[in-house]
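**Q** Numbering (this note's numbering), first residue to last: 9 to 551.
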Amino acid sequence: MNNVVKQGLFTIILVFFCSSYLQAALYAEIDREQVNIGERFYLTLEIQGEHSNPPDLSNLGAEFHLNPAQRSVLTTHKTGLREVRTRWLIALRPKHSGRLEISALSFQEHTSEPLYIAVSETPSQPATPIQPHFGTDLSINLITDREQVYRNAQLLVTLDIYHNQPLPETVDFIPPQLAAGRVRTLDLPQTRVDEVSGEAYFHTRLRFAVFPDEVGLLEISGPGLRLPEENSFSITELYADMPDVEVLAPTEINPQQNWLPSNNLFMTDTTYALEDGLANQLIRQLSLVAVGTTLDKLPASLINTPPPAFYQLLSRESEEHHSSQGITSQIHETWIIRPTEPGELMHPASGIGWWDTLSEQNRYTQPQQPGIEQLISETQPAVQPSSLATNQPALNSPETSTRNIRAYATPTLAGLTVLLVTLTAVYAFYRQRKKATTEVPVLRHTTNQPKPRQTTPAVQQAEQTPAIPQVSEFHRAAVRSEHQAFMQLSEACQHNAGKPACSALILWAACFWLTNKLLIPNPSTRPMSVRHSTICCWIWSIT
Numbered sequence: 009m010n011n012v013v014k015q016g017l018f019t020i021i022l023v024f025f026c027s028s029y030l031q032a033a034l035y036a037e038i039d040r041e042q043v044n045i046g047e048r049f050y051l052t053l054e055i056q057g058e059h060s061n062p063p064d065l066s067n068l069g070a071e072f073h074l075n076p077a078q079r080s081v082l083t084t085h086k087t088g089l090r091e092v093r094t095r096w097l098i099a100l101r102p103k104h105s106g107r108l109e110i111s112a113l114s115f116q117e118h119t120s121e122p123l124y125i126a127v128s129e130t131p132s133q134p135a136t137p138i139q140p141h142f143g144t145d146l147s148i149n150l151i152t153d154r155e156q157v158y159r160n161a162q163l164l165v166t167l168d169i170y171h172n173q174p175l176p177e178t179v180d181f182i183p184p185q186l187a188a189g190r191v192r193t194l195d196l197p198q199t200r201v202d203e204v205s206g207e208a209y210f211h212t213r214l215r216f217a218v219f220p221d222e223v224g225l226l227e228i229s230g231p232g233l234r235l236p237e238e239n240s241f242s243i244t245e246l247y248a249d250m251p252d253v254e255v256l257a258p259t260e261i262n263p264q265q266n267w268l269p270s271n272n273l274f275m276t277d278t279t280y281a282l283e284d285g286l287a288n289q290l291i292r293q294l295s296l297v298a299v300g301t302t303l304d305k306l307p308a309s310l311i312n313t314p315p316p317a318f319y320q321l322l323s324r325e326s327e328e329h330h331s332s333q334g335i336t337s338q339i340h341e342t343w344i345i346r347p348t349e350p351g352e353l354m355h356p357a358s359g360i361g362w363w364d365t366l367s368e369q370n371r372y373t374q375p376q377q378p379g380i381e382q383l384i385s386e387t388q389p390a391v392q393p394s395s396l397a398t399n400q401p402a403l404n405s406p407e408t409s410t411r412n413i414r415a416y417a418t419p420t421l422a423g424l425t426v427l428l429v430t431l432t433a434v435y436a437f438y439r440q441r442k443k444a445t446t447e448v449p450v451l452r453h454t455t456n457q458p459k460p461r462q463t464t465p466a467v468q469q470a471e472q473t474p475a476i477p478q479v480s481e482f483h484r485a486a487v488r489s490e491h492q493a494f495m496q497l498s499e500a501c502q503h504n505a506g507k508p509a510c511s512a513l514i515l516w517a518a519c520f521w522l523t524n525k526l527l528i529p530n531p532s533t534r535p536m537s538v539r540h541s542t543i544c545c546w547i548w549s550i551t
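1) Please classify M495 as buried or exposed, where buried requires at least 16 neighbouring CB atoms within 10 angstroms.
2) Cβ of D168 within 7 Å of Cβ of N149?
3) Does DSSP classify L497 as helix, strand or coil?
4) Taking the alpha-carbon of T83 as reference, which of P76, H211, E91 has the nearest alpha-carbon?
5) Is the segment 102-110 in contact with the segment 192-212, if contact means three or more CB pairs nearer than 8 Å?
6) Cα separation between Y372 and L303?
7) Count the CB pairs spanning the segment 116-132 and the segment 219-239 that are closer than 8 Å, and state whether there are at least three.
8) Would a C-beta distance cut-off of 7 Å place G556 and L164 closer than the cut-off?
9) Would a C-beta distance cut-off of 7 Å place L296 and D277 closer than the cut-off?
10) Thinking C-alpha only, which one of P236, A298, C501, K305 is nearest H329?
11) Once you ignore the five residues that flank L353 on each side, which residues in its own chain have a CB closer than 6 Å to its CB?
12) Would P269 pass as a contact of A161 if the rule is Cβ separation under 7 Å?
13) Can you tell which of A493, Y280, E490, I55 has the C-alpha that lies nearest to the C-alpha of Y35?
14) Thinking L65 and I98 are a contact (beta carbons under 8 Å), I'd like their distance in whole angstroms, please.
15) Where does L552 sit, in a helix, a strand or coil, going by DSSP?
16) Kindly indicate which residue of R215, D202, S205 has the alpha-carbon position closest to the one of P184.
17) Does the distance from the C-beta atom of R190 to that of V255 stay below 7 Å?
18) Assign H73 to buried or exposed, taking buried as 16 or more other Cβ atoms, counted over all protein chains shown, within 10 Å of its Cβ.
19) Which two residues bound the contiguous beta strand (DSSP E) that contains W96?
20) Among Q376, E71, E117, F437, which one has its Cα closest to the Cα of I125?
21) At which residues does the beta strand (DSSP E) containing S295 begin and terminate?
22) From the DSSP secondary-structure annotation, give me the bridge partner or partners of P220.
23) Ignore the nearest five residues each way along the sequence and tell me which others in I151's own chain have a CB closer than 6 Å to its CB.
24) So is S205 buried or exposed if we call it buried at 16+ other beta carbons inside 10 Å?
25) Hey, quick one: how far does the beta strand (DSSP E) through G334 stretch, first residue to last?
26) Measuring alpha carbon to alpha carbon, tell me which of Q42, S120, N370, R234 ends up nearest N266.
27) I need the straight-line Cα distance from M275 to R234, nearest angstrom please.
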């Protein structure tokens, strides 16, 4: 009985140690068994626990071209236990054909099994983008847009996540963690369905912009994602390591310039006068657009030198725009210029030096300087400096003010006089016209002739009938003359012609005077004729 118990305990201990050894073993597998020469395939290494550095791959360099290893940390929670595994994904490309061996790899105290792959002589198709190993329900892949980047320059990082089912809504996407530098998330996660190796997978993509501040090998961790503990996937955490990226030091630049790396840079400088008519005031606007640069690296002012006293900053607006192509920073400055002295003014120049990361050249962008002096000469009258002190007090003297008042009073008085005369003539015309229609028939019977004898109504009608056409014809002629004179006066006033207006007004007033003289011979009407004659003489004296 004791022997049976001892054998059972020995078996349990042996199984425990064997299982621990198997769990700690280094597993290696490849995604295919046969490739064409020049075609890439993928080697996956996985080991229990969390580790930073990959196994030594130097013994594979004789047979294959190696890409940097990408690390993923897989965390699984089962029945209250937390299990962590580390996975490396290495892209290999055979150097020659034949049956090639992937020798055993060692990591700490563990060794993987050797693998073999057949390489044919058939040239391969153009290389396809790196894809992760699709052996699990969730895989991750990381791509950078370059292998070398200048300090403070932009490095684009693309994170591709492949999964066979939709991600839960509570998933957390973790951006890259940079020790020295800045990281920007460019857009929201975008998911689509792609076909990989004949199978459909959900493909979620995120993009990041990384700006390192230290020279050397880029030290960065992540990015990755974190799933809730209760999910339908086999893992809860998945991280990917950045490929090896070298950060280059700045090149030699002008000591007076700051180091500003950018993919592209644009600058504009415009000046215009104010539309409200204010003299000696101009507006100068400067704009700067930098592609692949953050706002904190742009200059504090777009003017190279300190602004002069007659410069005043109205506004400064800055914006950092994120897109799938990277970061675009913009700055807009508005200055108001109020020159205090006549003559030529020294205006600060605008320009900026920067390093073109695409062509790797040092550039200097300086927009065309606006015609500030010409604009100032248009808005500010030219004054000689020697006569400035002499003429300045005279501008505010009483004599100058009186002269200005007289200059404006003369045309105003003339206009009021013409208006008054016109109103007087119109009033007299309508009054005289009313009297002509009411008094003419009566005046024929108020003469000094003896009273005619009594006649019958038929005889009276016969005597009065010839007289009516004579008065009517004369009245029509007077009206026509008056109308012609009035039209001449109206046309002269519309054309703002002073002398023709006065001449037409005299002719129009003469029509009234002649009417009173001919149609109203009664002495009682003489004062009206005298008044019209006086008005005409007064108008003639004004002209």
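No residue lacks a Cβ here, since even glycine has one placed at the ideal position from N, Cα and C.
**A** If we stick to the structure as given:
1) exposed
2) yes
3) helix
4) E91
5) no
6) 19 Å
7) no
8) This structure leaves residue 556 out entirely; the chain is present only between 9 and 551.
9) no
10) A298
11) P347
12) yes
13) I55
14) 7 Å
15) In the structure displayed, the chain extends from 9 to 551; residue 552 sits before or after that span and is not available.
16) R215
17) no
18) exposed
19) 89-102
20) E71
21) 290-299
22) G189
23) T166
24) exposed
25) 334-345
26) N370
27) 43 Å
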